[in-house]
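Student: If you use this note's numbering, the sequence shown corresponds to residues 3 to 128, in order.
Beta carbons are placed, not taken as given, at the ideal position from N, Cα and C, and that holds for glycine.
Predicted model only: the values in this text are computed from it and were never measured.
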Amino acid sequence: GKDFTDFDRIKFTIKTKTGKEVSVAADRCGGTDSYATVTDAEGEEVFRYYMPDEEDKVLVKALEEKYPTAMPYFFTQDPDYVTVKERVSKHTVTGDEAEGVATIAIAVETLRVAEYLTPTLMEQLA
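(1) Near Y37, which residues of its chain fall below 8 Å by C-beta distance, leaving aside the five closest residues on each side in sequence?
(2) For the region 40 to 121, list the beta strand (DSSP E) runs that are entirely contained and at least 3 residues long, ordered along the chain.
(3) Since T34 is in the beta strand (DSSP E), which residue starts that stretch and which ends it?
(4) Please state if the CB of V86 and the CB of V110 are separated by a distance shorter than 8 Å.
(5) What are the boundary residues of the beta strand (DSSP E) that F14 is part of?
(6) Using 8 Å for Cβ pairs, my map puts K13 next to V26. What's the rounded Cβ distance?
(7) So, are the CB atoms of D58 and T41 less than 8 Å apart?
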């Protein structure tokens, strides 16, 4: 098959032509918890979101007890999996759009962005 690059950790900042910027840091092998922060222009944190939140932690504990041999990340993502399955099932039956679910076209465009960014990222990491 075709060679590909698989980043397990990455951090980058995108700056627009109008001076706006967004930074992304991800570690997909760092455990089952995730968080996102928003900072102001001075770098001060103005918002932080954790996943799982306190409500989800109760569900995670119950699922861990019910399915002790399952992969831990299934538990934190369970509500999202349920939502996606329900929306896709409804689409299959009714033909209505699966609201909030990426289409194949969106997935292809996302992969194109990844393909475009990979050489730039690799160059910066060298």
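Tutor: The answer reads as follows:
(1) As a working note, residue 37 is residue 35 in the sequence shown. Once the five neighbours on either side are set aside, the close Cβ partners of Y37 are R50, Y51, Y52 and M53.
(2) 47 to 53
(3) On the sequence shown, residue 34 is found 32 positions in, with the first residue counted as 1. Segment: none, T34 is in no beta strand (DSSP E) and carries neither H nor E.
(4) Within the sequence shown, residue 110 is the residue found at index 108, counting from 1. Within the sequence shown, residue 86 is the residue found at index 84, counting from 1. No. Outside cutoff.
(5) Taking the sequence shown and counting its residues from 1, one reaches residue 14 at position 12. Start and end: R11 to K17.
(6) For this step, residue 13 is matched to residue 11 along the sequence shown. For this step, residue 26 is matched to residue 24 along the sequence shown. K13 to V26, Cβ: 7 Å. Contact.
(7) Residue numbering aside, residue 58 sits at position 56 when the sequence shown is read from its first letter. Residue numbering aside, residue 41 sits at position 39 when the sequence shown is read from its first letter. No.
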